[in-house]
Amino acid sequence: MLKDITFGQYVEADSIIHKLDPRIKILLLIAYIVFIFIVNNLFSIAFASVFILAVTILSKVPVKLFAKNIKAILPIIIFTAILNALYVGQGALVIHFWVINIYEGGIYRAVFMSLRIILLIIISALLTYTSTPTALTDAIESLLSPLQYIGLKNAVHIMALMMTIALRFIPTLIEETDKIMSSQKARGASLDSGSFKQKVKALLPVLIPLLSASIRRAYELADAMESRCYNGGEGRVRMKQMTLTLKDYIAIIVSVVFFAALIILNTFAV
Amino acid sequence: MSLLAAENLSFSYNSAAKIKKMAVKDISFSVESGEIIGVIGHTGSGKSTLMQLLNGLLKPESGAVYFEGQNIWDNPKEISKFRFQIGLVFQYPEYQLFEETVYKDIAFAPQNMKLSQEEIDNRVNSALNSVGLNYEFAEKSPFDLSGGEKRRVAIAGILAMHPKVLILDEPTAGLDPKGRATVLNMIRDYKENTGAAIIIVSHSMEDVAALCEKLLVLSNGRAVMFDKTENVFSQYETLINNGLDLPSVAKIFEELHKLGYLKDKMAYTVDDAKKIIVDSIKGGALNA
Ligand SMILES: Nc1ncnc2c1ncn2[C@@H]1O[C@H](COP(=O)(O)OP(=O)(O)OP(=O)(O)O)[C@@H](O)[C@H]1O
Ligand SMILES: [Mg+2]
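So the sequences go chain by chain: S and X.
Throughout the first sequence, residue numbering follows the numbering used here, covering 9 to 278 in sequence.
Throughout the second sequence, residue numbering follows the numbering used here, covering -19 to 268 in sequence.
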């Protein structure tokens, strides 16, 4: 069933990470990414790995979900590792085979790069696993709100509204697609066999009704919003106000301490 | 051998929810040529799911559907052969229209059946005829029609397959009284002309009372009753308990019985009621 495709990656769990303000999570994510790029020795990145692993466990999101993410980009990790291993020519020669020379520095670099990529994946996944798509769009709108002072008054609100509506209608559209596919199959449409060209042609009986349904829905939604006096972002308030709580401040403080420790390690470790 | 038979059908949607809920549980019944069977049940009772199991759009978890004695899932590759024989008109079928012209849209199924051009021509014209649309409509765009006309074109698209079993999921939903009558007459005519079996899902007790010889009552995915229409309606308690009701005229007769009138008479359709009441007045039974 098409319906089983989950959109977004939100995993429900009762953890402190889930409860953090999504704006703080987005800002911290950016900071973590920056720091992971700044550090340049294996020692610091190992320390970061331990810390991030702890945060991951704290989030109560099943570890196998992160493993799935990493598996998806495993080819890129392996490719990067091999390239680094081959091209860095420092330290003692470890492996010599035909024209291939792998040095100590190369291995060091390969491990370092792989860890760096894996950490980036894990912390980004952590954000989407612990925040609902709606929370994320709200947070983005809130974070981008300073743009209104440089003449983009409505743009931010409109963009956020578009994102929200798109997210809202994805399940509806999936359900609709399911239904249209079933009714065309009842008329003998074969949607999953034949050559590529046949398959594309077989999609028309599904795409056209879907498109017309979406346009109809868009008009209906516009009417419904207008009849409830929607007039853009001006003067609107939110039902769920985002406010910073103690947890958020703790998260910020812990992160800052971590960043400081990371920099110290990075500077003084040999 | 029945034309179409369901044996111990069960099905559940695999959803994200942890507890699996059966949408259809252990349902058995059968349909013969020329019969009209009504399927009634509260919202979410599994009517639409059962209809999709019957024509092979969903595959049963356990149990089987037999068409002319053959299990339709014996050979999954041949399933579309059965879908042509067991035509299913979905709820709000007008949203499946996609072609540039009404003609092409009705021709979609016959084309999938790989019929000759001449045969397709015949079928499209006779299907248009059956749903009471004249040939002017053939070259119109389906998107330019009224809601009721679209509905009829969509039904014609299924009739053009000449199914031996015609299943309709709430074919009158959202139509005005005249539109409802038109659709119900079309269904009756199709049965008269072809001898096909009809299975019709409806929330209108009036419609099923007027149209169906037998009723299948569903509740929470189970078949609660499968019996002659008047026998089903005589089980007032069971119907109420399962979120259903009697046709309005039957309720009037119940009240009359309580007042001591027409004790041995019952009507489920307005026409029958009219006849009984007029006869009784003429015969003096209802005089004050
Ligand atoms: N695509 C689906 N995915 C998951 N669950 C579904 C799906 N379709 C229906 N269900 C569930 O299966 C059960 C039976 O639904 P079904 O559509 O067959 O009911 P129905 O009798 O046709 O209702 P209605 O009178 O509202 O049309 C319901 O509990 C419904 O929530
Ligand atoms: Mg239904």
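All C-beta atoms in this analysis are idealised placements derived from N, C-alpha and C, irrespective of residue type, glycine included.
Since this is a predicted model, take the numbers as computed values, not measurements.
6 Å Cβ shell around residue i - same chain, five flanking residues per side excluded
i: Ala221/S; result: Glu184
i: Glu112/S; result: Gly99, Ala100, Val102
i: Phe105/S; result: none
i: Ile138/X; result: Gly67, Val69
i: Ala176/X; result: Lys144, Leu146
Under 8 Å between C-beta atoms of residue i and residue j
i: Ser25/X; j: Leu239/X; result: no
i: Pro281/S; j: Ile173/S; result: Within the shown structure, residues of chain S are numbered from 9 to 278, placing residue 281/S beyond reach of any answer.
i: Ile16/X; j: Val69/X; result: no
i: Ile129/S; j: Ile78/S; result: yes
i: Leu191/X; j: Leu164/X; result: yes
i: Thr142/S; j: Met121/S; result: no
i: Pro213/S; j: Phe88/X; result: yes
i: Met31/X; j: Val181/X; result: yes
i: Val204/X; j: Val133/X; result: no
i: Val188/X; j: Leu(-16)/X; result: no
i: Ile38/S; j: Leu134/S; result: no
i: Pro151/X; j: Ile66/X; result: no
i: Leu108/X; j: Tyr115/X; result: yes
i: Ala136/X; j: Ile178/X; result: no
i: Asn35/X; j: Ala194/S; result: yes
i: His165/S; j: Gly240/S; result: yes
i: Lys194/X; j: Thr174/X; result: no
i: Lys73/X; j: Ser191/S; result: It should be noted that the sequence gives Pro, not Lys, for residue 73/X. It is a contact, given that the beta carbons lie within the stated cut-off.
i: Ile232/X; j: Lys245/X; result: no
i: His22/X; j: Asn222/X; result: yes
Min CB distance residue i to chain X below 8 Å
i: Ala226/S; result: no
i: Leu195/S; result: Looking at the sequence shown, residue 195/S is not Leu but Arg. Cβ-Cβ to chain X under 8 Å: yes for Arg195/S.
i: Pro30/S; result: no
i: Gln192/S; result: yes
i: Ile223/S; result: no
i: Ser57/S; result: no
i: Ser263/S; result: no
i: Ile216/S; result: yes
i: Pro70/S; result: no
i: Pro213/S; result: yes
i: Lys209/S; result: no
i: Ser132/S; result: no
i: Ser235/S; result: no
Ligand 1 heavy atom lying under 7 Å from the CB of residue i
i: Ala107/X; result: no
i: Thr23/X; result: yes
i: Gly264/X; result: no
i: Ala194/S; result: no
i: Lys1/X; result: yes
i: Tyr(-7)/X; result: yes
i: Asp225/X; result: no
i: Asp85/X; result: no
Cβ-based neighbour list, residue i, same chain, cut-off 8 Å, excluding 5 preceding and 5 following
i: Met250/S; result: Asp29, Pro30, Arg31, Asp146, Ala147, Ser150
i: Ala3/S; result: No statement about residue 3/S is possible, as the shown extent of chain S runs from 9 to 278 and does not include it.
i: Ile279/S; result: Shown here, chain S extends from 9 to 278; a query on residue 279/S therefore has no answer.
i: Leu35/S; result: Leu151
Residues near residue i by beta carbon distance below 7 Å, same chain, minus five either side
i: Lys270/X; result: This structure cannot settle anything about residue 270/X, because the visible part of chain X is limited to -19 through 268.
i: Leu73/S; result: Val19, Tyr137
i: Arg124/S; result: Ile44, Ile53
i: Lys225/X; result: A quick correction: the sequence has Asp, not Lys, at residue 225/X. Contacts found: Met185, Leu219.
i: Lys27/S; result: Lys255
Below-8 Å beta-carbon distance, residue i vs any chain S residue
i: Gln65/X; result: no
i: Tyr170/X; result: no
i: Gly128/X; result: no
i: Ser60/X; result: yes
i: Ser(-18)/X; result: no
i: Phe166/X; result: One point to set straight first is that residue 166/X is Met, not Phe, in the sequence displayed. For Met166/X, the answer is no, since every Cβ of chain S falls outside 8 Å of its Cβ.
i: Ala281/X; result: The structure shown does not extend to residue 281/X, since chain X is modelled only from -19 through 268, so no value can be given for it.
i: Gly24/X; result: no
i: Gly137/X; result: yes
i: Met93/X; result: yes
i: Phe123/X; result: yes
i: Asn35/X; result: yes
Distance cut-off 7 Å: residue i Cβ against heavy atoms of ligand 2
i: Gln71/X; result: yes
i: Ser184/X; result: no
i: Ser28/X; result: yes
i: Asp187/X; result: no
Distance cut-off 7 Å: residue i Cβ against heavy atoms of ligand 4
i: Ala89/S; result: Ligands in the displayed structure: ligand 1 and ligand 2; ligand 4 is not one of them.
Do the segment 106 to 121 of chain X and the segment 39 to 52 of chain X meet, that is, are 3 or more Cβ pairs less than 8 Å apart?
Between the segment 106 to 121 of chain X and the segment 39 to 52 of chain X, the count of Cβ pairs shorter than 8 Å is below three; the stretches do not touch.
Inter-stretch contact at 8 Å, needing at least 3 Cβ pairs: the segment 48 to 63 of chain X / the segment 213 to 220 of chain X
no
Do the segment 79 to 96 of chain S and the segment 38 to 58 of chain S touch if we need at least three Cβ pairs shorter than 8 Å?
no
The segment 251 to 266 of chain S / the segment 167 to 176 of chain X touching (three or more Cβ pairs under 8 Å):
no
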